[in-house]
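Take a look at the structure set out below.
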Amino acid sequence: MQSYQIIDEPKPRAYENLVADPLAIFFVCMFVPFLWVPPLLGKYWIPPVWLLLNSFFMGSPTFKKELLIVVLGIIGLFSLFFGFGVLANLNGQEVFKEQFGPYLRVLAQAGFFFTLYLLVSKQARPYEIHKYLKEQAAN
Numbered sequence: 016m017q018s019y020q021i022i023d024e025p026k027p028r029a030y031e032n033l034v035a036d037p038l039a040i041f042f043v044c045m046f047v048p049f050l051w052v053p054p055l056l057g058k059y060w061i062p063p064v065w066l067l068l069n070s071f072f073m074g075s076p077t078f079k080k081e082l083l084i085v086v087l088g089i090i091g092l093f094s095l096f097f098g099f100g101v102l103a104n105l106n107g108q109e110v111f112k113e114q115f116g117p118y119l120r121v122l123a124q125a126g127f128f129f130t131l132y133l134l135v136s137k138q139a140r141p142y143e144i145h146k147y148l149k150e151q152a153a154n
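Residue 16 is where the sequence shown starts when you use our numbering, and the numbers rise one by one after that.
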């Protein structure tokens, strides 16, 4: 008997019961820090790791792209801090920190949530296919 394979179809894994909705992960990562701040700056590194593990557990065909998005997000964040540090050394640190410190935090948060948004949008379609296949297997 011949079988077919959909290119975007996630390959089932043993840990597929650990897969969660990426949009739910995104909202949890946005609202939990209001109630509890994880130690060791966990509010910054736990969400991307969680989304990457979710993608791996799902067997997502976009895992490598998601990993690239995380790496580019980290590079962008470090370059933002490096650029602000260079500008602070050129213009006098105390004055620069007072004037532009809040903007640095806003830009860092915006870059962080943009990276998470890109991850969630890449993972949404494979998750829907995964959910559909899981429902079909249950019937």
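Ideal Cβ positions, reconstructed from N, Cα and C, are used throughout, including at glycine.
Check, Outcome
"Among 31, 154 and 71, nearest to residue 137 - alpha-carbon criterion", "71"
"Member of 132, 59, 78 and 44 whose CA lies at the smallest distance from the CA of residue 141", "78"
"Proximity winner among 98, 127, 124 and 35, relative to residue 6 (alpha-carbon distances)", "For residue 6 there is no data in the structure shown, the boundaries of the chain being 16 and 154."
"For residue 154, the three-state DSSP class (helix, strand or coil)", "coil"
"Classification of residue 81 by the beta-carbon crowding that lies within 10 angstroms, buried from 16 upward", "buried"
"Inter-stretch contact (C-beta, 8 angstroms, three-pair minimum) for the region 109-121 and the region 31-48", "no"
"Local Cβ density within 10 Å of residue 134, reported as buried at 16 or more and exposed below that", "buried"
"Residue ranges of each alpha helix (DSSP H) within the region 38-89, 4 or longer", "57-73"
"Beta-carbon proximity of residue 74 to residue 31, cut-off 9 angstroms", "yes"
"Backbone secondary structure at residue 30 - three-state DSSP", "coil"
"With 16 other Cβ atoms within 10 Å as the buried cut-off, status of residue 64", "exposed"
"Assigned exposure category for residue 117 - 16 Cβ within 10 Å defines buried", "exposed"
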